[in-house]
Each structure stands twice: as C-alpha cells, then as structure tokens.
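Number of protein chains: 2
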Amino acid sequence: MANDQSSSLNDVNIDAVVSLVGQIQQEPDVAATKWSAHVEWKGGFRSEAKIRDFAPSASDEPGTLGGTDSAPNPVEQVLAALGNCLVVGYAANATAAGIEIKDLSIDIEGDLDLHTFLGMSEGNAGYENISVKVNIDSDASPEALQALHDKVTNTSPVGHTLGRVVPVKIELA
Amino acid sequence: MANDQSSSLNDVNIDAVVSLVGQIQQEPDVAATKWSAHVEWKGGFRSEAKIRDFAPSASDEPGTLGGTDSAPNPVEQVLAALGNCLVVGYAANATAAGIEIKDLSIDIEGDLDLHTFLGMSEGNAGYENISVKVNIDSDASPEALQALHDKVTNTSPVGHTLGRVVPVKIELA
Chain A
-14 MANDQSSSLN DVNIDAVVSL VGQIQQEPDV AATKWSAHVE WKGGFRSEAK
36 IRDFAPSASD EPGTLGGTDS APNPVEQVLA ALGNCLVVGY AANATAAGIE
86 IKDLSIDIEG DLDLHTFLGM SEGNAGYENI SVKVNIDSDA SPEALQALHD
136 KVTNTSPVGH TLGRVVPVKI ELA
Chain B
-14 MANDQSSSLN DVNIDAVVSL VGQIQQEPDV AATKWSAHVE WKGGFRSEAK
36 IRDFAPSASD EPGTLGGTDS APNPVEQVLA ALGNCLVVGY AANATAAGIE
86 IKDLSIDIEG DLDLHTFLGM SEGNAGYENI SVKVNIDSDA SPEALQALHD
136 KVTNTSPVGH TLGRVVPVKI ELA
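Here the protein sequences line up with chains A and B, keeping their order.
Following the numbering used here, the numbering of the first sequence begins with -14 at its first residue and continues without gaps.
Following the numbering used here, the numbering of the second sequence begins with -14 at its first residue and continues without gaps.
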C-alpha cells in the first residue's frame, strides 16, 4: 500500500529505483554502466548527436562565433545536461523522502573565456565557473528541502562530472 | 581572394572567427562570455531544457533507472556535447590550416558507477573516464592531422570543462 502511494508521488516510478538498488546489492557489477553518443559533422560548425534510437539532436554555434545559429551550442548543452540531471536527483530523492514537488525549475549559468578556444592564449578553454539556482515549490519544511538539496548535490552524476577531474582520452581512429 | 576561398572551405565562416579574434585583440572583455540554460521539470524524471529561443529539448531516464525512456538522459547529453564541441574545434582549426574535411564523425563513451547516485556509497557520482574516437576523412598528411588533433584537444571548451575541476555552485532560490 505504501508502495502504491509512493509510486505515484511526483509521477516517479520509485519501485524501479528500489528494485535497481536491490539488484546492485546482489550483483555490484550492475552499477557499472556505460553510456555513449555518436556525433556526425554536418558542415560548418553544425553537427548531429545520435543517442541510442532517439532522433538526432542538432548543434551549432552563434553567428558571432562563426556558426549559422541553427541550434544550441555545445557549452550550452552542458548546462542543460546539468539542469536535467539535477531534476532527476530532486525527483528521485524527494520521492524517496515522501516529499511532494509541486513545481521545479532550474536556472544554470556559466562563464567561459574564449581566449584559449580561439588560440589567443594557452590555458583553460572550459567553464571558469557554473552557478545554478533551483526553484522548488513544495509544502515540505525548509529543513527537509535543505536536506534534499544537500543529498542531490552530493550525488549528482553530471554535477560531479563537472566539479571533478574526469580523465578524457581523445584519439584519432 | 584567399579569403573567399577560405570562407567556403568546410563550409566554415572563418572570416567571422577572424573578426572575433580581431575584436578581442582590441577589447579583451569581449572574450568573457556567459552562457545559460533554463530547465523545467515535467514530472517523473522528465524535463525540458530551454536555451535562448530554440525549441525545448527533452530529457528522461531509461526504465531500469525509473524513467519513461522518452529521451536521452543527462549523462548521455554530456557525451553528445563533448562530441559536438570537438566537431567545432576540428572544423575551425582545419579551416584555419587550409585542411579540407571530407567527413567527420565522433564516437564518445563513458563509464559511470551508479552506487553514489543511488545513495549506496559516498564518492564519485560522475564519469570515471570518458573515451573518444575521432573518425576524420581528409587528404591531409597524417602529420597535419595529428597537429590538428593536438590543437583541438588542447583548446576544447567542453573537453576542458570535463577534464578539469569546474567550481559548480548550486543554490536553492
């Protein structure tokens, strides 16, 4: 009965998550996941990314950067991925804690200096910093929301990917 | 004349890039760019990311992770962003070097252990490593392609964002 209730809270299938946890307790290797994407150049600064069987998604650069501005650019896509990841973290952990989320939106912003990308100096071509504002509408207490927030930020796959050093090996095939 | 030629090479508007470099040489602050995204929760593990005026793009998780599998998930989106970013780097630097790219595709893969995300242990919730294979078809010499590759990997905004520590500040609004 409690399970039936929790299954519909926030429209999250928490049973699937609980079942995955159980599976990993039995067989820890199940937690070792591999993810992939395939990207095709479409001329200029345009490309399409193919993930599993989903429709390809487009990428481009703004005109000032030499693109044709037909789609979000890669550094914007990174910010979107972070917001999407945090949404999953909030939805999952709120549901596990019995917290109803009425509404949730996330604003992400990042500063990036173009000197390195443009070959004008050596150094960091990536984001110097990223800041995120989480707007959550819930009747839960401020303490419960803060505890939720701490849990989410401590367990965010994309948050950790950005906040830590990931060994990235890039090879010519 | 040389400019007319380079403008059409790889369909890259290299003049726009050159002009941006000139602008930044005059006014270094122009290089300090800010990027942003807005993400709205759509129930369950679904969300939509809005970037500038582009159509929102969807995010979800596979069924095994408790989602409804209606779109790529956030950690896949990160890999796609890296591939898209490398495409821009190759197209830009190849064009600047006078190298014609006939075809270019990029395969990206990453390993991620779910224990931390699922709250089963503390540690790294993000990618343990990311590996990229670049398939480039060009008549340029292997040496020229290797020099291009080195330049691209040393100046990739998303590559550096993943390979370095980015301070990520996440706050409840």
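C-beta atoms are modelled at their ideal positions from N, C-alpha and C, and glycine is treated no differently.
request  = For A/D(-11), collect the residues of the same chain with a Cβ closer than 6 Å to its Cβ; drop the 5 residues on either side in sequence, then sort them by chain order.
outcome  = For A/D(-11), the predicted structure reports a pLDDT of 46, less than 50, and the residue's modelled location is therefore unreliable. A value from the coordinates is still provided. Nothing meets the Cβ criterion.
query = Going by alpha carbons, who is nearest to B/G162 out of A/S44, A/T80 and A/K136?
reply = Only positions -14 to 158 of chain B appear in the structure, and residue 162 of chain B is not among them; the question remains open.
ask   = For A/E25, which residues in chain B fall below 7 Å Cβ to Cβ?
value = S90
inquiry  = Taking the alpha helix (DSSP H) that A/N58 belongs to, which residues open and close that run?
reply    = That residue, A/N58, is in no alpha helix (DSSP H); it is neither H nor E in DSSP.
message = By the 8 Å beta-carbon criterion, what residues does the stretch 110 to 124 of chain A contribute toward chain B?
response = A110, G111, Y112, E113, N114, I115, S116, V117, K118, V119, N120 and I121
task = Indicate whether at least one CB of chain B lies closer than 7 Å to the CB of A/Q11.
result = no
ask   = Straight-line CA distance for A/Y75 to A/A129?
value = 12 Å
task = Determine the burial state of A/S(-7): buried for a count of at least 16 other Cβ atoms within 10 Å of its Cβ, exposed for fewer.
result = exposed
request  = In the DSSP assignment, find the beta strand (DSSP E) that holds B/V119 and state where it starts and stops.
outcome  = Y112 to D122
request  = With a 10 Å radius around its C-beta and 16 neighbouring C-beta atoms as the bar for buried, classify B/N114 as buried or exposed.
outcome  = exposed
Within chain B, partners of A/L103 - CB distance below 9 Å = V2, L5, V6, I9, A16, A77 and T140
query = How far does the beta strand (DSSP E) with B/A34 in it reach, from first residue to last?
reply = S32 to K35
query = Using 7 Å as the limit for Cβ to Cβ distance, is A/I93 near chain B?
reply = yes
message = My output table needs one value for A/L89: the three-state DSSP class, helix, strand or coil.
response = strand
key: Where A/T101 falls: helix, strand or coil (DSSP)   = coil
ask   = Just how far apart, CA to CA, sit B/V49 and B/P127?
value = Residue identity differs from the one stated: residue 49 of chain B is Thr in this sequence, not Val. Each residue's Cα considered, the two are about 44 Å apart.
message = Along the stretch 54 to 65 of chain A, where does the CB come closer than 8 Å to a CB of chain B? Name the residues.
response = A56, P57, N58, P59, V60, E61, Q62, V63, L64 and A65
ask   = Can you tell which of B/V2, B/P47 and B/V6 has the C-alpha that lies nearest to the C-alpha of A/W20?
value = B/P47
query = Cα separation between A/I121 and B/S90?
reply = 40 Å
message = Tell me whether the stretch 7 to 18 of chain A and the stretch 29 to 47 of chain B touch, counting them as touching only if at least three CB pairs, one residue from each stretch, are closer than 8 Å.
response = no
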